[in-house]
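Peer 1:
Numbering (my numbering), first residue to last: 1128 to 1647.
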């Protein structure tokens, strides 16, 4: 790792003197603790908001996590008598500039054309409304790669977000702005979402709790097969409590899952039972970095010491995609890209031009210079995708509860390494494909319960995540619960401790993916 500056001692600044708490103290408190201060009337929501704004003003110039401040709106909400009395009443919050929306706020998706248009969210999405009802106060929007399509957060429209633990390095993406803000102590919790790894990857590189909830756990008004939304945080209890506050379907949702038998918060610290766990520490493209592999093996040994059974087994489909896969994936990618082009054009009120987007987006994401996908080609591609997802899912039917893998193949790369040549933007594609190797396949499975766990210094493993439950083995499995309980068990048993343990300069991390068989 380089010797570039970090922000580990950069939190102290002005604050609300009446609180008797310094900004650096609040920066290490999770959202649950801050909400408790409000409930006990030791601080007011406005004092929490003012302290968070002071931290953002002090830290954000070096990190560039918050691209659209909404400070005056936040102060007005905090002082209002109509502030909802949810479990996070008064807690400062940031909304990723992609996905969940709150009416009237800027909404740019990392794109300069939407930025120049001054586009605003036309309505609350269900999740945006639930965040507000939970009592969160949105202080601003966080940075994201254009359209959320890269494993780094450095859009040309807003500039790069820097990893708080090493400013030369990437946060990954696409929830990189949210992860950097939480890791730097600006806010305790921030909105995030994940299709191919956009919660899990930046949570790993920034050392946070990063759970991608199962499909249908949180309402998705776009009915996208792969996207799941929640938050990133610093503690298991925060993520669990947020899931308690926002989970559940809305009328017309395409994907539904059974409701949990009890609260997610009640599952924190629950005994996961004796689990059968598979492990995968290699990929089909290259060697996994030594730090990442060693962190995974160390976690496996820790799980074994807790009485769980770890076996060298995994879904073979992950390494053997079969013939024709590049063509199938290309067809799906082109179809998705042309759909994005149409959606952006509808908002702009005209056809999308090359200068509306980044060179990478034009050629790789939007597939703007590729021919449309023929109907027969698309049907074959979706058929392959469904069968591939089934091949992966069958592994869990053989009695496994968890799959343990690295979250990503290497420690955080430098921002320079993740900057594609303007005249050859496709050179970034292979890097992104390597980064999402362990996260991308499970977007199609749906019942994920994927959580990122960070390795804190050499040999110090911490795993976090929220939980849910099911009331019996005959009921459909609650996949999130198994990943949560196992991750919390690792957290309790590691030497890293809980809450705001810094991720120093060793960025190995571990991914626990639960595809459980309904253990109670």
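Each residue gets a CB set at the ideal place from its N, CA and C atoms; glycine is no exception.
A quick note: this is a predicted structure, and the numbers were derived from the prediction, not measured.
Return helix, strand or coil for residue 1346, following the three-state DSSP convention.
Peer 2: Of the three classes helix, strand and coil, the one that applies to residue 1346 here is coil, per DSSP.
Peer 1: Could you give the distance in angstroms between the alpha-carbon of residue 1376 and the alpha-carbon of residue 1551?
Peer 2: Cα to Cα, residue 1376 sits roughly 43 angstroms from residue 1551.
Peer 1: Pull up the DSSP beta-bridge partners for residue 1541, would you.
Peer 2: 1296
Peer 1: Would you say residue 1298 and residue 1307 are within 9 angstroms of each other, going by their C-beta atoms?
Peer 2: yes
Peer 1: Would residue 1208 be called buried (16 or more neighbouring beta carbons within 10 Å of its own) or exposed?
Peer 2: exposed
Peer 1: Measure the C-alpha to C-alpha separation of residue 1458 and residue 1525 and round it to an integer number of angstroms.
Peer 2: 32 angstroms
Peer 1: Residues in its own chain within less than 8 angstroms of residue 1179 by CB, not counting five upstream and five downstream?
Peer 2: 1153, 1219, 1266, 1313, 1314
Peer 1: Classify residue 1513 as buried or exposed, calling it buried when 16 or more other Cβ atoms lie within 10 Å of its own Cβ.
Peer 2: exposed
Peer 1: Excluding the 5 residues preceding and the 5 following residue 1290 in the sequence, name in chain order all residues of the same chain whose CB lies nearer than 7 angstroms to its CB.
Peer 2: 1296, 1297, 1298, 1307, 1332, 1333, 1539
Peer 1: Curious, which full-length alpha helix (DSSP H) runs of at least 4 residues does the region 1159 to 1218 contain?
Peer 2: 1172 to 1190, 1198 to 1206
Peer 1: Would you mind stating whether residue 1230 and residue 1249 have Cβ atoms separated by less than 9 angstroms?
Peer 2: In this structure, residue 1249 lies closer than 9 angstroms to residue 1230 by Cβ.
Peer 1: Skipping 5 residues on each side, what residues in its chain have a beta carbon closer than 8 angstroms to that of residue 1246?
Peer 2: The residues are 1233, 1234, 1235, 1474.
Peer 1: On the three-state DSSP scale, how would you describe residue 1259?
Peer 2: DSSP places residue 1259 in helix when its eight states are reduced to three.
Peer 1: Nearest CA to the CA of residue 1508: which residue from 1462, 1402, 1241?
Peer 2: 1462
Peer 1: Determine the DSSP secondary structure at residue 1513, reduced to helix, strand or coil.
Peer 2: helix
Peer 1: With a 10 Å radius around its C-beta and 16 neighbouring C-beta atoms as the bar for buried, classify residue 1480 as buried or exposed.
Peer 2: Around the Cβ of residue 1480, a 10 Å sphere holds fewer than 16 other Cβ atoms; the residue is exposed.
Peer 1: To the nearest angstrom, report how far apart residue 1354 and residue 1324 are at their CA atoms.
Peer 2: The alpha-carbon of residue 1354 is positioned some 10 angstroms away from that of residue 1324.
Peer 1: With a CB to CB cut of under 7 angstroms and the five nearest residues on each side skipped, what residues in its chain are close to residue 1156?
Peer 2: So the list reads 1315, once near-sequence residues are dropped.
Peer 1: Under the assumption that residue 1365 contacts residue 1390 (Cβ atoms under 8 angstroms), give the Cβ distance between them as a whole number of angstroms.
Peer 2: With a Cβ gap of about 14 angstroms, residue 1365 and residue 1390 do not count as contacting.
Peer 1: Would you decide whether residue 1523 is buried or exposed? Buried here means 16 or more other CB atoms lie within 10 Å of its CB.
Peer 2: buried
Peer 1: Looking only at its own chain, which residues have a Cβ that is under 8 angstroms from the Cβ of residue 1467, when we skip the five neighbours before and after it?
Peer 2: 1274, 1492, 1493
Peer 1: In angstroms with no decimal places, state the Cα-to-Cα distance between residue 1360 and residue 1173.
Peer 2: Their Cα atoms are separated by approximately 21 angstroms.
Peer 1: Select from 1347, 1516, 1305 the residue whose C-alpha is nearest the C-alpha of residue 1335.
Peer 2: 1305
Peer 1: With a Cβ-Cβ cutoff of 9 angstroms, do residue 1561 and residue 1412 count as a contact?
Peer 2: yes
Peer 1: Ends of the beta strand (DSSP E) at residue 1533?
Peer 2: 1529 to 1533
Peer 1: What would DSSP say about residue 1326, mapped onto helix, strand or coil?
Peer 2: coil
Peer 1: What three-state label does DSSP hand residue 1321 in the structure shown?
Peer 2: strand
Peer 1: Would you mind sorting residue 1261 into buried or exposed? The rule is 16 or more other CB atoms within 10 Å of its CB.
Peer 2: Flag for residue 1261 reads buried.
Peer 1: Let me check you understand the geometry: is the CB of residue 1282 closer than 8 angstroms to at least one non-hydrogen atom of the ligand MN?
Peer 2: No copy of the ligand MN appears in this structure; indeed no ligand is present at all.
Peer 1: Hey, how far is the Cα of residue 1408 from the Cα of residue 1393?
Peer 2: 32 angstroms
Peer 1: Does DSSP put residue 1518 in a helix, in a strand, or in coil?
Peer 2: helix
Peer 1: Write down the C-beta distance between residue 1194 and residue 1280 rounded to the nearest angstrom, noting that I regard them as a contact closer than 8 angstroms.
Peer 2: Not a contact, Cβ separation roughly 10 angstroms.
Peer 1: Ordered along the chain, which non-local residues of its own chain (more than five positions away) have a Cβ less than 6 angstroms from that of residue 1241?
Peer 2: Within the same chain, residue 1241 has close Cβ partners 1235.
Peer 1: Please state whether the Cβ-Cβ distance between residue 1559 and residue 1277 is less than 9 angstroms.
Peer 2: yes
Peer 1: Tell me whether the beta-carbon of residue 1321 lies closer than 9 angstroms to the beta-carbon of residue 1566.
Peer 2: yes
Peer 1: Grouping DSSP H, G and I as helix and E and B as strand, with all else coil, what is residue 1495?
Peer 2: coil
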